[in-house]
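K.L.:
Those protein sequence lines, which keep their order, are chains U and P. Mapping to the working numbering: the first sequence position 73 is 382, numbers consecutive. Mapping to the working numbering: the second sequence position 115 is 116, numbers consecutive. Cβ coordinates follow ideal geometry from the N, Cα and C atoms, glycine included. Note that the structure is predicted; figures quoted are calculated from it, not measured.
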Amino acid sequence: MQTETKATVDKSVGASGQPVTILRFIGDISSTSREAVLGTYERLPEVDRARILLDFSKVEYINSSGIALIIQMLLEASKSGQIIRAFGLTPHFQKVFTMVGITRYTSIFADEATAKASF
Amino acid sequence: MVLAKNATVEVRLPSRLGFEKVAMGTAASVARLMGFSEDRVEDLKTAIAEACINAMEHGNKFDESLPVGVVLTMSDTSLEVKVVDKGPGPDHPIPLPDIDRKMHGDEPPRGLGMFLIQSLVDEVEWVRGAANGGSYMRLVIRLDKAATGQSEQIRNADGN
Numbered sequence: 310m311q312t313e314t315k316a317t318v319d320k321s322v323g324a325s326g327q328p329v330t331i332l333r334f335i336g337d338i339s340s341t342s343r344e345a346v347l348g349t350y351e352r353l354p355e356v357d358r359a360r361i362l363l364d365f366s367k368v369e370y371i372n373s374s375g376i377a378l379i380i381q382m383l384l385e386a387s388k389s390g391q392i393i394r395a396f397g398l399t400p401h402f403q404k405v406f407t408m409v410g411i412t413r414y415t416s417i418f419a420d421e422a423t424a425k426a427s428f
Numbered sequence: 002m003v004l005a006k007n008a009t010v011e012v013r014l015p016s017r018l019g020f021e022k023v024a025m026g027t028a029a030s031v032a033r034l035m036g037f038s039e040d041r042v043e044d045l046k047t048a049i050a051e052a053c054i055n056a057m058e059h060g061n062k063f064d065e066s067l068p069v070g071v072v073l074t075m076s077d078t079s080l081e082v083k084v085v086d087k088g089p090g091p092d093h094p095i096p097l098p099d100i101d102r103k104m105h106g107d108e109p110p111r112g113l114g115m116f117l118i119q120s121l122v123d124e125v126e127w128v129r130g131a132a133n134g135g136s137y138m139r140l141v142i143r144l145d146k147a148a149t150g151q152s153e154q155i156r157n158a159d160g161n
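Have a look at this one:
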């Protein structure tokens, strides 16, 4: 019933010329997404974790358990000084992320170009 | 379509994660028929999803033989939603999540659902001791939110 979460990893470069790793999610993000969200992040080589962009542009449904996975990723990243930013959230989920307070710990951008330019 | 005053739509879901999306779709259809704006429909969908997940997990303990009932009642000014499960309901107020504590690992990352519900709809009430022996969460979302203000504080109440 729940749409499986798929995650792919792309490598790009920010405006500063530094490498940026993009985690692209497809499907729902919920309690069943632990492997796709945290597993994909944890499998990244250390060198690819310094600057990460989360792409939500193909995600239609995020529930509180899914948000908790994102918080867990941000927590892990903050311990190592990694920077995680996001783009592609619908206006509704931008509002939800702001309500929850996630936006105090990450920046959310409207699109990929703007997000990449922030690095 | 002309809506009958106080028309009611009911959905019964198995206590299995994912089926909350059936309630979301039904509620969204009803809300659009009533004339809710798309941003309020999105608020309603998230609130109902969280209420259903809560009922499946905490009320029915994911026992798929126990249904979660979703009752949508339309009026001229608002949509009332009751999400019914077989559990007793909470016997104490649900603490508000603290993102700073979560981000420092002092509080589990989960525990956001009730906060989202309270933030996204206009009224939330937990009714314990419902007629079926369970309990239900009652949500109200108003057509003209600007005239009615933001979410009211959740309150516990004894039902009939």
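(1) Cα separation between L113 of chain P and E344 of chain U?
(2) If the cut-off is 9 angstroms on Cβ atoms, which residues from the region 86 to 107 of chain P count as contacting chain U, listed in chain order?
(3) Evaluate F63 of chain P with the Cβ neighbour count: other Cβ atoms within 10 Å of its Cβ, from every protein chain shown; 16 or more gives buried, anything less gives exposed.
(4) Is the separation between the beta-carbon of Q327 of chain U and that of A359 of chain U shorter than 9 angstroms?
(5) So V385 of chain U is in the alpha helix (DSSP H); what residue range does that whole segment cover?
(6) So if DSSP puts F334 of chain U in a beta bridge, which residue, or which two residues, is it bridged to?
(7) Applying the 10 Å Cβ sphere with the 16-neighbour rule, what's the burial state of A419 of chain U?
(8) Using a Cβ-Cβ cut-off of 7 angstroms (strictly less than) and excluding sequence neighbours within five positions of V329 of chain U, which residues of its own chain qualify?
(9) According to DSSP, is M25 of chain P helix, strand or coil?
(10) Could you tell me whether the region 10 to 23 of chain P touches the region 52 to 60 of chain P, where touching means 3 or more Cβ pairs closer than 8 angstroms?
(11) Count Cβ pairs between the region 38 to 49 of chain P and the region 103 to 121 of chain P that sit closer than 8 angstroms; are there 3 or more?
(12) Measuring only between beta-carbons, confirm whether D159 of chain P sits less than 9 angstroms from chain U.
(13) Please identify the residue among P:A131, P:K103, P:L144, P:L34 whose C-alpha is closest to the C-alpha of G70 of chain P.
(14) State buried or exposed for A395 of chain U, treating a residue as buried only when at least 16 other CB atoms are found within 10 Å of its CB.
(15) For S79 of chain P, count the other beta carbons within 10 Å of its own beta carbon; 16 or more makes it buried, fewer makes it exposed. Which is it?
(16) Under the three-state reduction of DSSP, which class applies to A345 of chain U: helix, strand or coil?
(17) R143 of chain P CB to nearest chain U CB: under 9 angstroms?
(18) For S374 of chain U and chain P, any beta-carbon pair shorter than 9 angstroms?
(19) Between K367 of chain U and I335 of chain U, what straight-line distance do the alpha-carbon atoms span, to the nearest angstrom?
(20) Taking 9 angstroms as the threshold (beta carbon to beta carbon), is L378 of chain U in contact with chain P?
(21) Please report the distance separating the alpha-carbon of V409 of chain U from that of V10 of chain P.
P.N.:
Looking at the atomic coordinates:
(1) 20 angstroms
(2) P98, D99, I100, D101, K103, M104, H105, G106
(3) It counts as exposed.
(4) yes
(5) Checking the sequence shown, residue 385 of chain U turns out to be Glu, not Val. Its alpha helix (DSSP H) spans residues 373 to 388.
(6) U:A316
(7) The residue in question, A419 of chain U, is exposed, as its Cβ has fewer than 16 Cβ neighbours within 10 Å.
(8) S321, V322, G323, R360, L362, K425, F428
(9) Correct three-state label for M25 of chain P: helix.
(10) yes
(11) yes
(12) For D159 of chain P, the predicted structure reports a pLDDT of 46, less than 50, and the residue's modelled location is therefore unreliable. The matter cannot be settled from this model.
(13) Its Cα nearest to that of G70 of chain P, the residue P:A131 stands out among P:A131, P:K103, P:L144, P:L34.
(14) buried
(15) buried
(16) helix
(17) no
(18) yes
(19) 5 angstroms
(20) yes
(21) 31 angstroms
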